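Enquirer: Could you have a look at this structure, given as structure tokens, before my questions?
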Amino acid sequence: MSDSTAATAPVAEHECAEHECLVLLEHEKGRLVNVSLEILGQARRMADLRGDEVVGLILGEHTKDLAREALAYGADRALCANSPLLAQYTSDGHAHVVGEILAQRRPNIVLFGATHNGRDVAGRLAVRLRTGLTADVTALEVEPESGLLIGEVPGFGGGILALVKCPERRPQMATVRPGIFEALEPGEPRGEIEPVTVTLTADMIRSEVLEVEEVERIDLTRAPVIVAVGGGAGGDLEPIERLAELLGGAVGATRVAVDNGWISRDHQIGQTGVSVRPKVCVCAGISGAVQFTCGVAGAETVIAIDSDPQAAMFDHADYGVVGDLFEVLNAVNKLLAEEESVASDGHEIPQAGTGGETEKGAVRATSAGLDT
Amino acid sequence: MRTVVTVKVVPKSEEVSIDTVTMTLDREGARNELNRPDKNAIEMALQLTETHEGEVILLSMGPPLFEEHLRVGIGMGAHDAVLLSDRRFAGADTLPTSRALAEGIRRIGDVDLVLCGEESSDSATGQVPPGIAEWLGWPQLTYVTELRLLDDGRLAGKRDLSGGHEWIAVSLPAVVSVSLGCNSPRFPDFRRTRWAEKNLELKIWSADDLEVDPAELGIAGSPTIVDGVRQAPAPERRRERLEGPTRQVAARLAEHLRQFLRPEA
Numbered sequence: 000m001s002d003s004t005a006a007t008a009p010v011a012e013h014e015c016a017e018h019e020c021l022v023l024l025e026h027e028k029g030r031l032v033n034v035s036l037e038i039l040g041q042a043r044r045m046a047d048l049r050g051d052e053v054v055g056l057i058l059g060e061h062t063k064d065l066a067r068e069a070l071a072y073g074a075d076r077a078l079c080a081n082s083p084l085l086a087q088y089t090s091d092g093h094a095h096v097v098g099e100i101l102a103q104r105r106p107n108i109v110l111f112g113a114t115h116n117g118r119d120v121a122g123r124l125a126v127r128l129r130t131g132l133t134a135d136v137t138a139l140e141v142e143p144e145s146g147l148l149i150g151e152v153p154g155f156g157g158g159i160l161a162l163v164k165c166p167e168r169r170p171q172m173a174t175v176r177p178g179i180f181e182a183l184e185p186g187e188p189r190g191e192i193e194p195v196t197v198t199l200t201a202d203m204i205r206s207e208v209l210e211v212e213e214v215e216r217i218d219l220t221r222a223p224v225i226v227a228v229g230g231g232a233g234g235d236l237e238p239i240e241r242l243a244e245l246l247g248g249a250v251g252a253t254r255v256a257v258d259n260g261w262i263s264r265d266h267q268i269g270q271t272g273v274s275v276r277p278k279v280c281v282c283a284g285i286s287g288a289v290q291f292t293c294g295v296a297g298a299e300t301v302i303a304i305d306s307d308p309q310a311a312m313f314d315h316a317d318y319g320v321v322g323d324l325f326e327v328l329n330a331v332n333k334l335l336a337e338e339e340s341v342a343s344d345g346h347e348i349p350q351a352g353t354g355g356e357t358e359k360g361a362v363r364a365t366s367a368g369l370d371t
Numbered sequence: 000m001r002t003v004v005t006v007k008v009v010p011k012s013e014e015v016s017i018d019t020v021t022m023t024l025d026r027e028g029a030r031n032e033l034n035r036p037d038k039n040a041i042e043m044a045l046q047l048t049e050t051h052e053g054e055v056i057l058l059s060m061g062p063p064l065f066e067e068h069l070r071v072g073i074g075m076g077a078h079d080a081v082l083l084s085d086r087r088f089a090g091a092d093t094l095p096t097s098r099a100l101a102e103g104i105r106r107i108g109d110v111d112l113v114l115c116g117e118e119s120s121d122s123a124t125g126q127v128p129p130g131i132a133e134w135l136g137w138p139q140l141t142y143v144t145e146l147r148l149l150d151d152g153r154l155a156g157k158r159d160l161s162g163g164h165e166w167i168a169v170s171l172p173a174v175v176s177v178s179l180g181c182n183s184p185r186f187p188d189f190r191r192t193r194w195a196e197k198n199l200e201l202k203i204w205s206a207d208d209l210e211v212d213p214a215e216l217g218i219a220g221s222p223t224i225v226d227g228v229r230q231a232p233a234p235e236r237r238r239e240r241l242e243g244p245t246r247q248v249a250a251r252l253a254e255h256l257r258q259f260l261r262p263e264a
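Residue numbers (numbering that gives the first Met the number 0), protein chains in the order written: chain Z, 0 to 371; chain W, 0 to 264.
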């Protein structure tokens, strides 16, 4: 049985705790995840404009350290909902517990990370509470007088931004895209930690986790260097991976590369992947569809290597090389590897120069397949 | 087993632009297509019928122009299609949209499974599938890349997580959202599409055919409003082409990259 059609009546503006901004915090391996810290940072900045209280909500089995972390990263209050039934994420478990807390506290604003689980529970709760949910925001503001939340959201592959508001219903809810906002520098945890009563029982959870496979978590939103691969690589990622390794960077990918099974989905950059903001992003074999380029708009410097001189990626790059990505990357990797081994012998890194010999023939285009 | 696949017809993203005079969306120049993740959902539904007997019914909410695209889905192998079409549905955000679709599913009746694409390429909220699940009171699985029916009758779905994946089992009936690109949608069979055009009458239902107060539909039933659109700004880029022999180009690239060299790579 579920609570759906017997939902709480929609909360009107004047009935809500208008100075409360509640953030549902996600955690992994004993730490809050990066997007949760980013949201706390933004919530803190918005709250300071209005004298609002930032309340972090954590669901799990052991949440005390997480609560302290929340207080260190901008929350005024941390609510701990502890239960063994919350040790793993389930839609029913989270919807029940968070739904009850929202019905009791009636905050003005509720923020979630736009992660799979964040969107999973937020989408369900928006209907349970009959309220508005703004999805995957890349900008957020609160009107100081009214407390109205204004979210900017990408649509149409990331090429269009729309401003979305929820004028009457409360709470105003939004899921927030990872890698957009800045977390605060952590301070001393200051504020209150409050346990919340959990009325969840096992029969309310209608799913069973059969198997979990965890591999090394990649967070591209924190990588200072990214080497991204698209359809042009034809499945051979070795030179891309080598360059990333040399530079201490991460490997990113377009949807095409992921769909072809060359690399896992958490490397995907773009509208249905992540937004990144590295110092440098090397894009190899990527044609430059807007669904990808919107994800690298935050990169300081973009370098594109592709065999198609007409590839749109070149319009979104600071430096472009038309050529065979394998030839180019192998040459770059060789140069960098030589410098790096010389450096680790204690010698100075030599200046890159034109060298003695010139290569016979210019860089030639090949017919490597293109990304869409 | 009866599976409903909810589908949306959307403008091709790359063909949509902003009218810079009115600052509104200009969809006129854009061709329409079946939302791509919905094709993955149709494919997933059809694959289930290959191992477990059943029928696949498409359900959509939109204007009459959606019909020809629903026939594409029939051509792929779906057995029937229902279009919820009514001016009163227009302007809906995800709350009344998921409501109307849930009521459509109720009216279809005896549904075991609802599959949806993970999000639509236009508004890209991903909120309709969990919304439908909540209206129906059914369990949900989102961002699923693989589905299997278990011997005990439950459905198991694989969800990608950052850093791995999980397999979750739910009892039917349930709502599942399907990840873009998780399978290769089959091409519509030309003869089947022609047969459907001539012989299959799509069901068209209006708001009166659903058990819902019209005040809860369309713009009136939408808590959110869109208050302006703009072209996503693309940062200014140098667009400098590096030309010449590979060795030279590589040296230029190395200039930009050597600052990141790790001492013990």
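Ideal placement from N, C-alpha and C gives every residue a C-beta, glycine not left out.
These figures come from a predicted structure and were not determined experimentally.
1. So, is the C-beta of residue 197/Z closer than 8 Å to a C-beta in chain C?
2. Below 7 Å CB to CB, which residues in the same chain sit around residue 187/W once its five sequence neighbours on both sides are set aside?
3. Among residues of its own chain, excluding the 5 on either side of residue 118/Z, which ones have a beta-carbon nearer than 6 Å to its beta-carbon?
4. Figure out for me which residue from 33/Z, 332/Z, 187/Z, 268/Z has the closest Cα to the Cα of residue 376/Z.
5. Could you tell me whether the segment 115-123 of chain W touches the segment 240-256 of chain W, using the rule of 3 or more Cβ pairs below 8 Å?
6. Checking contacts by CB at 8 Å: is residue 213/Z closer than that to chain W?
7. With a threshold of 8 Å between beta-carbons, can residue 126/W be considered close to chain Z, or not?
8. On the criterion of 16 or more Cβ atoms from any shown chain inside 10 Å, does residue 350/Z qualify as buried, or is it exposed?
9. What does residue 133/W touch in chain Z if you count any residue whose Cβ is under 7 Å from its own?
10. Check this for me: beta carbons of residue 281/Z and residue 227/Z, under 8 Å apart or not?
11. Using only CA atoms, which one of 211/W, 111/W, 95/W lies nearest to residue 222/W?
12. Residue 230/W versus chain Z: which residues are under 8 Å apart at the beta carbon?
13. What's the C-alpha gap between residue 98/W and residue 143/W?
14. Can you tell me where the alpha helix (DSSP H) holding residue 103/Z begins and where it ends?
15. Taking CB distances under 8 Å as the criterion, tell me whether residue 41/W reaches chain Z.
16. In the DSSP assignment, find the beta strand (DSSP E) that holds residue 71/W and state where it starts and stops.
17. Go through the segment 245-282 of chain Z residue by residue and report every complete run of the beta strand (DSSP E) that reaches 3 residues or more, in order.
18. If the cut is a Cβ gap below 8 Å, which residues of chain Z does residue 90/W touch?
19. Could you tell me the distance, in whole angstroms, from the CA atom of residue 170/Z to the CA atom of residue 19/W?
20. Taking its Cβ as the centre, do 16 or more other Cβ atoms sit within 10 Å of residue 48/Z, making it buried, or is it exposed?
21. Taking its Cβ as the centre, do 16 or more other Cβ atoms sit within 10 Å of residue 113/Z, making it buried, or is it exposed?
22. Taking beta-carbon pairs under 7 Å, can you tell me which members of the segment 252-263 of chain W lie near chain Z?
23. Looking at the secondary structure, which residues open and close the alpha helix (DSSP H) in which residue 87/W lies?
24. Along chain Z, which residues have their Cβ under 8 Å away from the Cβ of residue 61/W?
25. Which residue comes first and which comes last in the alpha helix (DSSP H) that contains residue 117/Z?
26. Nearest-angstrom Cα distance between residue 92/W and residue 224/W?
27. Could you spell out where the beta strand (DSSP E) holding residue 224/W opens and where it closes?
28. Which residues bound the alpha helix (DSSP H) around residue 284/Z?
29. Between the beta-carbon of residue 39/Z and the beta-carbon of residue 22/Z, is there less than 8 Å?
30. How long is the line joining the alpha carbons of residue 322/Z and residue 254/W, rounded to whole angstroms?
31. Leaving out five residues on either side along the sequence, give the residues of the same chain with a beta carbon under 6 Å from the beta carbon of residue 62/Z.
32. Does the beta-carbon of residue 173/W, which I'm using as the reference point, lie nearer than 7 Å to any heavy atom of the ligand SAH?
33. With burial defined as no fewer than 16 other Cβ atoms inside 10 Å of the residue's Cβ, what is the status of residue 157/W: buried or exposed?
34. For the alpha helix (DSSP H) that contains residue 36/W, what are its first and last residues?
35. How is residue 18/W classed by DSSP in three states: helix, strand or coil?
36. Output yes if chain Z places a C-beta closer than 8 Å to the C-beta of residue 21/W; else output no.
Expert: Result, derived from the coordinates:
1. Among the protein chains in the structure shown, which are Z and W, there is no chain C.
2. Sequence-distant partners of residue 187/W (beyond 5 residues in either direction) whose C-beta falls short of 7 Å from its own C-beta, in its chain, are 71, 74, 75.
3. Taking residue 118/Z as the centre and dropping the five residues before and after it, the same chain places the C-beta of 174 closer than 6 Å to its C-beta, in chain order.
4. Any question about residue 376/Z goes unanswered here, given that chain Z covers just 0 to 371.
5. Cβ pair count under 8 Å is below three, so no.
6. Taking 8 Å as the threshold, the shortest C-beta distance from residue 213/Z to chain W falls below it.
7. Any Cβ of chain Z closer than 8 Å to the Cβ of residue 126/W would place that residue at the interface, and such an atom is present.
8. Residue confidence is low: residue 350/Z scores 47 on pLDDT, short of 50, so the model does not pin down where it sits. Its coordinate-derived value is still stated next. That one is exposed.
9. For residue 133/W, the C-beta contacts it makes with chain Z under 7 Å involve 3, 123, 126, 127, in order along the chain.
10. Yes, Cβ-Cβ distance for residue 281/Z and residue 227/Z is below 8 Å.
11. Measuring from the Cα of residue 222/W, the nearest candidate turns out to be 95/W.
12. Contact of residue 230/W with chain Z by beta-carbon distance below 8 Å involves 158, 159, 160.
13. Using only the alpha carbons, I get a separation of about 22 Å.
14. Residues 90-104.
15. No, residue 41/W does not count as interfacial toward chain Z.
16. DSSP places residue 71/W in no beta strand (DSSP E) but in the uninterrupted alpha helix (DSSP H) bounded by 66-75.
17. The segment 245-282 of chain Z contains these whole beta strand (DSSP E) runs: 249-252.
18. Residues of chain Z whose Cβ lies closer than 8 Å to the Cβ of residue 90/W do not exist, since the nearest Cβ in that chain is about 14 Å away.
19. Between residue 170/Z and residue 19/W, the C-alpha separation is close to 33 Å.
20. In the assembly as shown, residue 48/Z is an exposed residue. Its beta-carbon has fewer than 16 other beta-carbons within 10 Å.
21. The residue is buried, with at least 16 neighbouring Cβ atoms inside 10 Å.
22. Under the 7 Å Cβ criterion, the segment 252-263 of chain W contributes 252, 253, 254, 255, 256, 257, 259, 260, 261, 262, 263.
23. Annotation: residue 87/W is outside any alpha helix (DSSP H) and is labelled neither H nor E by DSSP.
24. The premise fails here: residue 61/W is roughly 17 Å from chain Z at the closest Cβ pair, so nothing lies under 8 Å.
25. Note, residue 117/Z: alpha helix (DSSP H), 115-127.
26. Approximately 8 Å, taken between the alpha carbons.
27. Element bounds for residue 224/W: 224-230.
28. Element bounds for residue 284/Z: n/a, residue is neither H nor E.
29. Taking C-beta atoms as the reference points, residue 39/Z and residue 22/Z count as a pair closer than 8 Å.
30. Roughly 19 Å separates the two Cα atoms.
31. Around residue 62/Z, the same chain offers 79, 81 as residues with beta carbons nearer than 6 Å, after the five sequence neighbours per side are excluded.
32. As for the ligand SAH, it is missing from this structure, which has no ligand bound.
33. The residue is buried, with at least 16 neighbouring Cβ atoms inside 10 Å.
34. Where residue 36/W is concerned, the enclosing alpha helix (DSSP H) stretches over 35-50.
35. Residue 18/W falls in the strand class under three-state DSSP.
36. Chain Z places no beta carbon closer than 8 Å to that of residue 21/W, leaving this residue out of the contacts.
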